[in-house]
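Q: Below is the structure I would like to discuss, written out as structure tokens.
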Amino acid sequence: MWLSALCAGSAWAASQLDIPRPTDPLKPAPPPPALEASVVNLEVRLTAEGLAVAVDEGFPQVASREGDWSDAVTLGEREDIRFLYRVVRGSFRYRMDRDQFHVSFDQVRYRVWARRNQGNGIAEGRCGHGDDPPRRLNLSARSTLSWSDRWRMQSQTTFDEPVFVEPCLLTGLDVDATPVLKAVLQPKLAALAQSIDRIVRERTEAKQRAEMVWQKLQEPVEFAPNQWLQFHPRDARVSPITSHGTLVLHTSVNLVTAPRIVNGSKPDSVAMPLPPLQMTPLPLEGFHLALPITVDYARINQRLERDMIGQEFQTPVGDTLRVEGVQLYGSGDRLILALQVSGGVNGTVYATGTPVFDEGLGMLKFVDLDFTLDTRNVLVQSANWMFHQNILSSLRSQAYIDLSGQLQTLRSRLTSALTRDLGPNARLEGEVMSLRPRGVYPTTGGVEVHIIAEGSMWVELR
Numbered sequence: 000m001w002l003s004a005l006c007a008g009s010a011w012a013a014s015q016l017d018i019p020r021p022t023d024p025l026k027p028a029p030p031p032p033a034l035e036a037s038v039v040n041l042e043v044r045l046t047a048e049g050l051a052v053a054v055d056e057g058f059p060q061v062a063s064r065e066g067d068w069s070d071a072v073t074l075g076e077r078e079d080i081r082f083l084y085r086v087v088r089g090s091f092r093y094r095m096d097r098d099q100f101h102v103s104f105d106q107v108r109y110r111v112w113a114r115r116n117q118g119n120g121i122a123e124g125r126c127g128h129g130d131d132p133p134r135r136l137n138l139s140a141r142s143t144l145s146w147s148d149r150w151r152m153q154s155q156t157t158f159d160e161p162v163f164v165e166p167c168l169l170t171g172l173d174v175d176a177t178p179v180l181k182a183v184l185q186p187k188l189a190a191l192a193q194s195i196d197r198i199v200r201e202r203t204e205a206k207q208r209a210e211m212v213w214q215k216l217q218e219p220v221e222f223a224p225n226q227w228l229q230f231h232p233r234d235a236r237v238s239p240i241t242s243h244g245t246l247v248l249h250t251s252v253n254l255v256t257a258p259r260i261v262n263g264s265k266p267d268s269v270a271m272p273l274p275p276l277q278m279t280p281l282p283l284e285g286f287h288l289a290l291p292i293t294v295d296y297a298r299i300n301q302r303l304e305r306d307m308i309g310q311e312f313q314t315p316v317g318d319t320l321r322v323e324g325v326q327l328y329g330s331g332d333r334l335i336l337a338l339q340v341s342g343g344v345n346g347t348v349y350a351t352g353t354p355v356f357d358e359g360l361g362m363l364k365f366v367d368l369d370f371t372l373d374t375r376n377v378l379v380q381s382a383n384w385m386f387h388q389n390i391l392s393s394l395r396s397q398a399y400i401d402l403s404g405q406l407q408t409l410r411s412r413l414t415s416a417l418t419r420d421l422g423p424n425a426r427l428e429g430e431v432m433s434l435r436p437r438g439v440y441p442t443t444g445g446v447e448v449h450i451i452a453e454g455s456m457w458v459e460l461r
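Quick note on numbering: the sequence shown equals residues 0 to 461 in numbering that gives the first Met the number 0.
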């Protein structure tokens, strides 16, 4: 019978297996491909209200010179005109438009008192005094925001030409005082623009906070018992400044990292200085962290042994094939399934396959398991091909590992690691939106699944 010949090993010995048995020296696992760099997007949000405070501080409510007469000015052919003035700005409106902060002062009121020597007396003219209501004046400015090379957000503020809604005619002098007030306002507005820019620089100085975040990200974070998440920041860039809607200014510091999970005791952090500021042409949104998850062979084999040992298959010739043992292991870039059987065939049959990850089910599967050529040749002598397919179908349905719980734990641990205080006035907030498999690779100790965690991450500045 073919059974006695197979048990004697003649047909088996004639086949040359091209894979190592579990007791043979195994080929070292190839190094997995280098993980792509991760980008941690630290959003920097500055409300328009914050910029409005800078304008409010830089632009006094009242600008006046009514204590002494100003120097004489010349208006056309009229000379020796001296004047007093008072400007009250009132409230203002503001909005953001991409990288520009627009301010409109449409509640400005002013008054002028002028005099000129005339023979033995003095001629005077006033507007906006007494029963004469103050005149209206509109001012508008825009601050263009950008990053400086010193890790500061800077603004360049310019005022438009003043718009005198109501002119000031000094009827007693037959003079339009608008050019006088305009000449007075121009240098003051230029100085005001510089004051606003100075306050913006002081309020948005970013290097100190960037250094704090940079140093904090170099510290290992406990990810799980005896596991540590290291970000390994390498580079830092800033994205262009824009605005969300009309009241929130938005930019970001993009930290390029190479995160990894370290097992064992807490590793030392290597202090690296903050690199020079670089601009990135396009904003990088969100973050992705490339992290490996390893499922060791002991866990996989425990699962396979629980579900497969004891299974019986009826051969076409009436004999029973019983699974006595199962072992999955890797050699080189291949996964090998060694199945110890008895009955219709006595010995070990081998199948090879490549692991795949079913993202929808959160399952690590070996759906492409197939017998090796040598095993197939042996089995062909023992039964028909349909019988072999039944065995393969059973192997494929049983050879899986449920990783959904492990992925949920990974999500929870990442969220915890990404949400923490960075200092007295800064808090790191993170949210994991998805866990996407990048690839599955056999390694020396198990099967490694590379997971790309994607979400959002920002620093809340207080």
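Cβ atoms here follow ideal geometry from the backbone N, Cα and C, with glycine treated the same way. A quick note: this is a predicted structure, and the numbers were derived from the prediction, not measured.
(1) When the Cα atoms are used, what is the spatial distance from S238 to S103?
(2) Cutting at 6 Å between CB atoms, please list the residues of its own chain near R321, excluding the five before and the five after it.
(3) For F356 and V431, which I take to be in contact (beta-carbon distance under 8 Å), what is that distance rounded to the nearest angstrom?
(4) In the DSSP assignment, the alpha helix (DSSP H) including I299 goes from what residue to what residue?
(5) What are the complete alpha helix (DSSP H) segments, minimum 4 residues, inside the region 129-153?
(6) Considering only the alpha carbon of each residue, which of T279, F100, Q106, G89 lies closest to V199?
(7) Rounded to whole angstroms, what is the Cα-Cα separation between N87 and Q214?
(8) Near R419, what residues of its chain come up, given a Cβ to Cβ distance below 7 Å and the 5 sequence neighbours on each side ignored?
(9) Among Y109, R395, F286, whose alpha-carbon lies nearest the alpha-carbon of L336?
(10) With 16 other CB atoms within 10 Å as the buried threshold, where does G445 fall?
(11) Quick one: what does DSSP say M432 is sitting in, helix, strand or coil?
(12) Suppose you measure from the CA of N424 to the CA of E447; what does that come to, to the nearest Å?
(13) Would you call R398 buried or exposed, if buried means 16 or more other Cβ atoms sit within 10 Å of its Cβ?
(14) Can you say whether N116 is buried or exposed, counting buried as having 16 or more other CB atoms within 10 angstroms of its CB?
(15) Out of V174, R149, P59, S90, state which residue places its alpha-carbon closest to the alpha-carbon of R125.
(16) CB V39 to CB T256, shorter than 8 Å?
(17) Measure the alpha-carbon distance for N345 versus Q326 and round it to whole angstroms.
(18) Among K265, L360, F365, Q226, which residue has its Cα nearest to the Cα of R333?
(19) To the nearest angstrom, how far is it from the Cα of N462 to the Cα of S411?
(20) In the structure shown, what three-state DSSP assignment does Q407 receive?
(21) What did DSSP end up calling R88 once you bin it into helix, strand or coil?
(22) By DSSP's criteria, D420 is part of a beta bridge. Which residues make up the other side?
(23) Excluding the 5 residues preceding and the 5 following H231 in the sequence, name in chain order all residues of the same chain whose CB lies nearer than 6 Å to its CB.
(24) Measure the C-alpha to C-alpha separation of I390 and Q313 and round it to an integer number of angstroms.
(25) With a threshold of 7 Å on Cβ separation, who are the neighbours of Q405 within its own chain once the five nearest residues in sequence on each side are excluded?
(26) Rounded to whole angstroms, how far is the Cβ of L248 from the Cβ of L144, which I believe are closer than 8 Å?
(27) Straight-line CA distance for E304 to S403?
(28) Between D105 and V212, what straight-line distance do the alpha-carbon atoms span, to the nearest angstrom?
(29) Contact check, P472 vs T371 under 8 Å by CB: the rounded distance?
(30) Output needed for D306: all residues of its chain with C-beta closer than 6 Å, excluding positions within five of it in sequence on either side, in chain order.
(31) Is the distance from the Cβ of A176 to the Cβ of T156 below 8 Å?
(32) When you compare only the Cα positions, how much space is there between L216 and G429?
(33) Ordered along the chain, which non-local residues of its own chain (more than five positions away) have a Cβ less than 6 Å from that of I451?
(34) For the alpha helix (DSSP H) holding V54, just list the boundary residues, first then last.
(35) V102 by DSSP, collapsed to three states: which one?
(36) Just tell me which of L138, E201, K187, R134 has its CA closest to the CA of R151.
A: With the given structure in hand:
(1) In the sequence shown, residue 238 corresponds to position 239, counting from 1. In the sequence shown, residue 103 corresponds to position 104, counting from 1. Taking the straight line joining both Cα atoms gives about 28 Å.
(2) If you number the sequence shown from 1, residue 321 lands on position 322. Correct list, in chain order: E311, S341, G342.
(3) Reading the sequence shown from its first residue, position 357 is the one you call residue 356. Reading the sequence shown from its first residue, position 432 is the one you call residue 431. That belief does not hold up - the Cβ atoms of F356 and V431 are roughly 18 Å apart, past 8 Å.
(4) Position 300 of the sequence shown, counting from 1, holds the residue named residue 299. I299 -> alpha helix (DSSP H) spans 296-307.
(5) none
(6) Translated into positions along the sequence shown, residue 199 becomes position 200. Comparing Cα-Cα distances from V199 to each of T279, F100, Q106, G89, the minimum goes to F100.
(7) One-based indexing of the sequence shown puts residue 87 at position 88. One-based indexing of the sequence shown puts residue 214 at position 215. Reading off the sequence shown, one finds Val at residue 87, where the question assumed Asn. Those two C-alpha atoms are separated by around 48 Å.
(8) Here residue 419 corresponds to residue number 420 of the sequence shown, with the count starting at 1. Excluding residues within five positions, the ones whose Cβ falls inside 7 Å are L427.
(9) The residue you call residue 336 lines up with position 337 of the sequence shown. The option with the nearest alpha carbon to L336 is R395.
(10) For the purposes of this step, residue 445 is taken as residue 446 along the sequence shown, with counting starting at 1. By the 10 Å Cβ count, G445 comes out buried.
(11) Here residue 432 refers to the residue found at position 433 of the sequence shown. Of the three classes helix, strand and coil, the one that applies to M432 here is strand, per DSSP.
(12) In the sequence shown, counting from the first residue as 1, residue 424 sits at position 425. In the sequence shown, counting from the first residue as 1, residue 447 sits at position 448. Whole-angstrom Cα-Cα distance: 39 Å.
(13) Residue 398 sits at position 399 when you count from the first residue of the sequence shown. The sequence given here places Ala at residue 398; Arg does not occur at that position. Buried: at least 16 other Cβ atoms inside 10 Å.
(14) Counting from one through the sequence shown, the residue named residue 116 turns up at place 117. By the 10 Å Cβ count, N116 comes out exposed.
(15) One-based indexing of the sequence shown puts residue 125 at position 126. Of the candidates V174, R149, P59, S90, V174 places its Cα closest to the Cα of R125.
(16) Residue numbering aside, residue 39 sits at position 40 when the sequence shown is read from its first letter. Residue numbering aside, residue 256 sits at position 257 when the sequence shown is read from its first letter. Against a cut-off of 8 Å, the Cβ pair of T256 and V39 comes out as a contact.
(17) As a position in the sequence shown, residue 345 is number 346, starting the count at 1. As a position in the sequence shown, residue 326 is number 327, starting the count at 1. Distance between N345 and Q326, taken at the CA atoms: about 16 Å.
(18) The residue given as residue 333 occupies position 334 in the sequence shown. Measuring from the Cα of R333, the nearest candidate turns out to be F365.
(19) Here the chain has residues from 0 to 461 only, and residue 462 is not among them.
(20) Residue 407 sits at position 408 when you count from the first residue of the sequence shown. Note: Q407 maps to helix in three-state DSSP.
(21) For this step, residue 88 is matched to residue 89 along the sequence shown. In the structure shown, R88 sits in coil (DSSP, three-state: anything other than H, G, I, E or B).
(22) Working through the sequence shown from its first residue, we reach residue 420 at position 421. Answer by DSSP bridge pairing, in chain order: R426.
(23) Here residue 231 corresponds to residue number 232 of the sequence shown, with the count starting at 1. Around H231: T256, A257.
(24) Stepping through the sequence shown from its first residue, residue 390 is reached at position 391. Stepping through the sequence shown from its first residue, residue 313 is reached at position 314. If I take the Cα positions, the gap works out to 10 Å.
(25) The residue you call residue 405 lines up with position 406 of the sequence shown. Cβ neighbours of Q405 beyond the five flanking positions: I292.
(26) Here residue 248 is taken as the residue at index 249 of the sequence shown, counted from 1. Here residue 144 is taken as the residue at index 145 of the sequence shown, counted from 1. Their Cβ separation, rounded to whole angstroms, is 7 Å, which keeps L248 and L144 in contact under 8 Å.
(27) To locate residue 304, count along the sequence shown from 1; it is residue 305. To locate residue 403, count along the sequence shown from 1; it is residue 404. In a straight line, the C-alpha of E304 is about 21 Å away from that of S403.
(28) Locating residue 105 in the sequence shown gives position 106, where the first residue counts as 1. Locating residue 212 in the sequence shown gives position 213, where the first residue counts as 1. Cα to Cα, the separation comes out at about 42 Å.
(29) Any property of residue 472 remains undetermined from this structure, which presents the chain solely from 0 to 461.
(30) Counting from one through the sequence shown, the residue named residue 306 turns up at place 307. Annotation for D306: Q397 place their beta carbon closer than 6 Å to its own, counting only its chain and skipping 5 residues before and after.
(31) As a position in the sequence shown, residue 176 is number 177, starting the count at 1. As a position in the sequence shown, residue 156 is number 157, starting the count at 1. No; because the gap between Cβ atoms is not below 8 Å, this pair is not in contact.
(32) Against the sequence shown, residue 216 aligns to sequence position 217. Against the sequence shown, residue 429 aligns to sequence position 430. Approximately 13 Å, taken between the alpha carbons.
(33) Taking the first residue of the sequence shown as position 1, residue 451 is located at position 452. Counting only Cβ-Cβ distances below 6 Å, and skipping sequence neighbours, we find H287, A289, R435, R437.
(34) Taking the first residue of the sequence shown as 1, we reach residue 54 at position 55. Note, V54: alpha helix (DSSP H), 47-57.
(35) Taking the first residue of the sequence shown as position 1, residue 102 is located at position 103. Strand, per DSSP.
(36) The residue given as residue 151 occupies position 152 in the sequence shown. Nearest option by C-alpha distance: E201.
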